[in-house]
Amino acid sequence: MRLIVHNMLQCHVKGCDSNNFPLQLSDVELEIHEIEYNHEFLQSLLTKLDWKAFVATAEQIGITSLPQTFPEEIDEDFLKKLHRILFETHIVEGKMICSNCSHEYPIRDGIPNMLLNEEELE
Amino acid sequence: MSITPLKAFTEHDNASLTDDKKEQKYVHDVYQAIAPHFSQTRYKPWPVIEQFLKSLDIGSIGADIGCGNGKYLGVNKNVYMVGSDRSSKLIEISVSRGHEGIICDALNLPYRSECFDFVISIAVIHHFTTFERRLAAIKELFRIARPRSYVLIYVWALEQSNEARRKFDKEQQDVFVPWVIPADKNNQDRKEIIYNRYYHLFRKGELDELIESTGVAQIVKTDYDKDNC
């Protein structure tokens, strides 16, 4: 799972509807897989991100160099750094924990399991 | 080969299983069991869906709900897609091909509201056993899509063309469609295995009614293709 996907995920336990995003990463193992850089694709995609959540999540995996607010001017170096973090960094093991209800979602072999037990469903 | 679907469900099922347990037995458990064989037969993208995916703006982000082996996830390299499926076995196949995949239930998606530029759900909604569950699943697709974005939904049709491989009894919308895993030629002991998958076959106009009853979406294009994929 890449951080771009994590940025779309929220806790969906029944009744857990505030402070349920972003999920906190814990005990993660990372892998880097290089892929082709695409300037136009990345620039367009960045506008879809919840930046604040992305920066907070990056910090949880040891990336502390991102600005708290999205910079007004972005250069190629910055975009390449984001490409690395968003598209080449994979979370292969670990868990995601909801800040509100503490539910844990496991990540195994790069796949988050978001299924809930019956009592957690709506 | 001609395949005659049976009426779903058995009397025993109706007496003993709730709607979600019927789906567990005749949809989820079946896909888990047939995943590798199913995946081998699902490699060609449907042209109309391929066309849609290729028409999207560069840098769009989308979700494929019920992505199976992920055959649509790599169609357009200029958009970013995340696939999800209830079957962990199918997601494992999809992820092993380099796609992004998560395991989740379509009735309760773990995504933020309005976070996707487009959403597709191909041959999924027909696996829900009641009107209410089909409606709830469609509402979830709309919830995660941005306002004024496209949501592409395909389901199996009841009425079939004369050339179609499968023929359905027009009176019977809730059926078991058998999935046959042939006997292994290398292993004399292994016999053919037949799994019954549950389908709700849609009458003409039924999907439109379902979409309209959500009250949140406008139908821009509808089609009744008579050959199920």
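Keeping their order, the protein sequence lines are chains A and B. Okay, so the first sequence: first residue is 1 according to UniProt numbering, each after it adds one. Okay, so the second sequence: first residue is 1 according to UniProt numbering, each after it adds one. Ideal Cβ placement from N, Cα and C applies to all residues, glycine included.
Outcome for residue i when other beta-carbon atoms lying within 10 angstroms are tallied against a minimum of 16
i                        : result
lysine 95 of chain A     : buried
alanine 63 of chain B    : buried
asparagine 69 of chain B : buried
threonine 89 of chain A  : buried
leucine 30 of chain A    : exposed
lysine 170 of chain B    : exposed
residue 198 of chain A   : This structure gives no information on residue 198 of chain A, because the portion of chain A shown stretches from 1 to 122.
lysine 54 of chain B     : exposed
residue 230 of chain B   : For residue 230 of chain B there is no data in the structure shown, the boundaries of chain B being 1 and 229.
valine 216 of chain B    : exposed
glutamate 100 of chain B : buried
alanine 183 of chain B   : exposed
Bridge partner(s) assigned by DSSP for residue i
i                         : result
arginine 2 of chain A     : A/His90
isoleucine 120 of chain B : B/Asp64, B/Leu152
glutamine 24 of chain A   : A/Ile97
glutamate 31 of chain A   : A/His90
proline 106 of chain A    : A/Lys95
Rounded straight-line distance, which links the Cα of residue j to that of residue i
i                           : j                            : result
arginine 197 of chain B     : valine 92 of chain A         : 32 Å
leucine 86 of chain A       : threonine 57 of chain A      : 11 Å
asparagine 117 of chain A   : glutamate 92 of chain B      : 21 Å
valine 218 of chain B       : glutamate 206 of chain B     : Residue identity check: residue 218 of chain B is glutamine in the sequence provided, not valine. Their Cα atoms are separated by approximately 15 Å.
aspartate 225 of chain B    : alanine 157 of chain B       : 8 Å
histidine 6 of chain A      : serine 84 of chain B         : 13 Å
alanine 145 of chain B      : isoleucine 138 of chain B    : 11 Å
leucine 6 of chain B        : valine 175 of chain B        : 5 Å
alanine 123 of chain B      : lysine 44 of chain B         : 14 Å
aspartate 19 of chain B     : histidine 126 of chain B     : 14 Å
glutamate 50 of chain B     : phenylalanine 78 of chain A  : 33 Å
isoleucine 211 of chain B   : phenylalanine 116 of chain B : 19 Å
valine 30 of chain B        : leucine 90 of chain B        : 11 Å
isoleucine 97 of chain A    : glutamate 73 of chain A      : 34 Å
phenylalanine 54 of chain A : isoleucine 61 of chain B     : 16 Å
aspartate 57 of chain B     : leucine 3 of chain A         : 21 Å
valine 48 of chain B        : aspartate 17 of chain A      : 37 Å
glutamate 120 of chain A    : lysine 71 of chain B         : 31 Å
glutamate 59 of chain A     : serine 96 of chain B         : 28 Å
glutamate 192 of chain B    : arginine 148 of chain B      : 48 Å
Residues that residue i contacts on chain E, provided the C-beta gap is smaller than 7 Å
i                        : result
isoleucine 91 of chain A : Protein chains A and B are contained in the structure displayed, whereas chain E is not.
- Taking three-plus beta-carbon pairs below 8 Å as touching, is the segment 11–24 of chain B in contact with the segment 57–67 of chain A? The segment 11–24 of chain B is not in contact with the segment 57–67 of chain A.
- Query: So does the segment 110–117 of chain B actually touch the segment 26–43 of chain B, counting three or more Cβ pairs closer than 8 Å?
  - Reply: no
- Query: So does the segment 1–10 of chain A actually touch the segment 18–36 of chain A, counting three or more Cβ pairs closer than 8 Å?
  - Reply: Touching, yes, given that three or more Cβ pairs across the two stretches are closer than 8 Å.
- Message: Tell me whether the segment 28–43 of chain A and the segment 76–83 of chain A touch, counting them as touching only if at least three CB pairs, one residue from each stretch, are closer than 8 Å.
- Response: yes
- Near-chain B residues of the segment 14–39 of chain A (beta-carbon distance less than 8 Å), N- to C-terminal order: Phe21, Asn38
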